[in-house]
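One point on numbering: in this note's numbering, the residue at position 91 of the sequence shown is 659, and numbering is uninterrupted.
Think of the CB as a built atom: it goes at the ideal place given N, C-alpha and C, for glycine as much as any other residue.
Computed from a prediction, not measured in an experiment: that's the story for all the values here.
What follows is a short report on a single structure.
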Amino acid sequence: MTPDRSTPYSVVLGIGGHLPAECVTNAELATRVDTSDEWIQQRTGITRRYIAGPDETTSVLATAAARKALAAADRSPSDIDLVIVATSTPDYTFPAVATQVQAALGITAGAAFDLQAVCSGFVFAVATADKFLRSGSHRCALVIGAETFSRLVDWEDRTTCVLFGDGAGAMVLEARVQPEDARPRGVLTSHLRSDGRHRDKLHTTGGPSSTQSIGHVHMEGKDVFRHAVGMVEDVVRAAFEATGTGPADLDWFVPHQANRRIIDASATKLGIPPEKVVTTVQLHANTSAASIPLALAEAVGDGRIAAGHLVMIEAMGGGFTWGSALIRW
Numbered sequence: 569m570t571p572d573r574s575t576p577y578s579v580v581l582g583i584g585g586h587l588p589a590e591c592v593t594n595a596e597l598a599t600r601v602d603t604s605d606e607w608i609q610q611r612t613g614i615t616r617r618y619i620a621g622p623d624e625t626t627s628v629l630a631t632a633a634a635r636k637a638l639a640a641a642d643r644s645p646s647d648i649d650l651v652i653v654a655t656s657t658p659d660y661t662f663p664a665v666a667t668q669v670q671a672a673l674g675i676t677a678g679a680a681f682d683l684q685a686v687c688s689g690f691v692f693a694v695a696t697a698d699k700f701l702r703s704g705s706h707r708c709a710l711v712i713g714a715e716t717f718s719r720l721v722d723w724e725d726r727t728t729c730v731l732f733g734d735g736a737g738a739m740v741l742e743a744r745v746q747p748e749d750a751r752p753r754g755v756l757t758s759h760l761r762s763d764g765r766h767r768d769k770l771h772t773t774g775g776p777s778s779t780q781s782i783g784h785v786h787m788e789g790k791d792v793f794r795h796a797v798g799m800v801e802d803v804v805r806a807a808f809e810a811t812g813t814g815p816a817d818l819d820w821f822v823p824h825q826a827n828r829r830i831i832d833a834s835a836t837k838l839g840i841p842p843e844k845v846v847t848t849v850q851l852h853a854n855t856s857a858a859s860i861p862l863a864l865a866e867a868v869g870d871g872r873i874a875a876g877h878l879v880m881i882e883a884m885g886g887g888f889t890w891g892s893a894l895i896r897w
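Structure below.
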């Protein structure tokens, strides 16, 4: 791909993650529901998850992650003119979590809105922010994935309650014109897909317009697994084709952290070696839209992801939705 130098790229300036105070191990969960540490680890790879307390709402987690991302980016709230929060678990039906984050940080300029694509939400939010920044309409974006998914879980259903946790991750993206003598940095390409025919395979049993309640997560695990691996391959290969790159060019593959089996199967099918895969599902469980930015924050924090690295993010979620973004850090 020949880089287009006529428009800016959305460059990552900083990343931050935040988890609730309460950590629940598999052994602790086994005292509440009919499960075991061995059963959970064999099927998912998960060892623990974090559960939000009553005062740790999605907006509270999102704001904490945003503060860490801003500090890492060396930017202040006054620099931000776009806030996008990917979430399926807002504090309220309205207003948007993004406006609550905006107010909490003292941001008074630009736009703030939520985006709902379930587990694919952060990828969709990055792609959306990239369009705004590259168009020139906005200059600096705060992109957040934040969830209190434990509020949606039926704690008597061991097939789903063991899978999910709460948390938030945030990224600061800034529009920058690229120098002629350097490789472009930032979001190089993004590919988003949706197919509403698969609603019954992964959804909640409630909603404001249908049951006037939030309902619980319902998932047909085998069908989700079967579709997930193929959908991941679809959007990752689309990104490779658009940029003239391949698995060998990647420094890091950062997938949605839903299940270790899906992560491993997807990487194998794509020809990505295990040492290039960032896996944090064992630490946080499935935090839906928060899982990718939390994984990125972990890998940046421990020095794995560094400036110049080529990073692929991808996710698949209810709807179905799925997407990828290829980023030069």
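Length of the line joining the Cα atoms of residue i and residue j
{"i": "residue 862", "j": "residue 633", "result": "9 Å"}
{"i": "residue 579", "j": "residue 710", "result": "12 Å"}
{"i": "residue 788", "j": "residue 698", "result": "33 Å"}
{"i": "residue 864", "j": "residue 600", "result": "31 Å"}
{"i": "residue 832", "j": "residue 676", "result": "43 Å"}
{"i": "residue 752", "j": "residue 896", "result": "7 Å"}
{"i": "residue 593", "j": "residue 718", "result": "14 Å"}
{"i": "residue 665", "j": "residue 691", "result": "17 Å"}
{"i": "residue 819", "j": "residue 875", "result": "11 Å"}
{"i": "residue 712", "j": "residue 595", "result": "31 Å"}
{"i": "residue 828", "j": "residue 689", "result": "20 Å"}
{"i": "residue 866", "j": "residue 882", "result": "16 Å"}
{"i": "residue 794", "j": "residue 837", "result": "13 Å"}
{"i": "residue 744", "j": "residue 792", "result": "38 Å"}
{"i": "residue 649", "j": "residue 894", "result": "23 Å"}
{"i": "residue 812", "j": "residue 706", "result": "28 Å"}
{"i": "residue 646", "j": "residue 663", "result": "22 Å"}
{"i": "residue 814", "j": "residue 754", "result": "17 Å"}
{"i": "residue 873", "j": "residue 696", "result": "23 Å"}
{"i": "residue 878", "j": "residue 750", "result": "14 Å"}
{"i": "residue 686", "j": "residue 591", "result": "23 Å"}
Member of the options whose CA lies at the smallest distance from the CA of residue i
{"i": "residue 769", "options": "663, 786, 763", "result": "786"}
{"i": "residue 880", "options": "808, 574, 675", "result": "808"}
{"i": "residue 636", "options": "824, 853, 739, 837", "result": "739"}
{"i": "residue 602", "options": "695, 672, 724", "result": "724"}
{"i": "residue 560", "options": "743, 735, 596, 639", "result": "There is simply no residue 560 to check, as the chain begins at 569 and stops at 897 in what is shown."}
{"i": "residue 683", "options": "889, 733, 822", "result": "889"}
{"i": "residue 816", "options": "839, 670, 874, 798", "result": "839"}
{"i": "residue 782", "options": "661, 878, 821, 671", "result": "661"}
{"i": "residue 714", "options": "628, 825, 813, 771", "result": "628"}
{"i": "residue 741", "options": "640, 853, 891, 773", "result": "640"}
{"i": "residue 586", "options": "693, 650, 733, 685", "result": "733"}
{"i": "residue 824", "options": "638, 750, 756, 737", "result": "737"}
{"i": "residue 806", "options": "765, 891, 878", "result": "891"}
{"i": "residue 773", "options": "784, 763, 766, 812", "result": "784"}
{"i": "residue 608", "options": "853, 810, 767", "result": "853"}
{"i": "residue 679", "options": "630, 687, 669, 685", "result": "669"}
{"i": "residue 804", "options": "667, 758, 598, 642", "result": "758"}
{"i": "residue 766", "options": "802, 796, 631", "result": "796"}
{"i": "residue 693", "options": "651, 721, 730, 821", "result": "651"}
{"i": "residue 604", "options": "730, 681, 716", "result": "730"}
Range covered by the alpha helix (DSSP H) that runs through residue i
{"i": "residue 729", "result": "726 to 729"}
{"i": "residue 673", "result": "665 to 673"}
{"i": "residue 867", "result": "859 to 869"}
{"i": "residue 795", "result": "789 to 811"}
{"i": "residue 626", "result": "626 to 641"}
{"i": "residue 906", "result": "The structure shown does not extend to residue 906, since the chain spans only 569 to 897, so no value can be given for it."}
{"i": "residue 818", "result": "Run containing residue 818: none; DSSP gives neither H nor E here."}
{"i": "residue 832", "result": "828 to 838"}
Status (buried if at least 16 other CB within 10 Å, exposed otherwise) for residue i
{"i": "residue 746", "result": "buried"}
{"i": "residue 577", "result": "buried"}
{"i": "residue 748", "result": "exposed"}
{"i": "residue 834", "result": "buried"}
{"i": "residue 606", "result": "exposed"}
{"i": "residue 610", "result": "exposed"}
{"i": "residue 848", "result": "buried"}
{"i": "residue 574", "result": "exposed"}
{"i": "residue 613", "result": "buried"}
{"i": "residue 886", "result": "buried"}
{"i": "residue 798", "result": "exposed"}
{"i": "residue 644", "result": "exposed"}
{"i": "residue 622", "result": "exposed"}
{"i": "residue 871", "result": "exposed"}
{"i": "residue 674", "result": "exposed"}
{"i": "residue 582", "result": "buried"}
{"i": "residue 928", "result": "Because residue 928 is not part of the residues shown, which for the chain are 569 to 897, the question remains open."}
{"i": "residue 589", "result": "exposed"}
Start-to-end residues for the beta strand (DSSP E) that takes in residue i
{"i": "residue 890", "result": "889 to 896"}
{"i": "residue 607", "result": "Not the beta strand (DSSP E): residue 607 falls in the alpha helix (DSSP H), residues 605 to 612."}
{"i": "residue 720", "result": "It is not in any beta strand (DSSP E) - residue 720 carries neither H nor E in the DSSP assignment."}
{"i": "residue 619", "result": "616 to 619"}
{"i": "residue 782", "result": "Per DSSP, residue 782 belongs to no beta strand (DSSP E) and is neither H nor E."}
Residue i: CB within 6 Å of a non-hydrogen atom of the ligand COA
{"i": "residue 705", "result": "The ligand COA is not part of the structure shown, which contains no ligands of any sort."}
Count the CB pairs spanning the stretch 765 to 784 and the stretch 610 to 617 that are closer than 8 Å, and state whether there are at least three.
no
Under 8 Å: do the stretch 650 to 662 and the stretch 853 to 869 share three or more Cβ pairs, one atom per stretch?
yes
Touching by the beta-carbon criterion (3+ pairs, under 8 Å), the stretch 840 to 851 and the stretch 700 to 710
no
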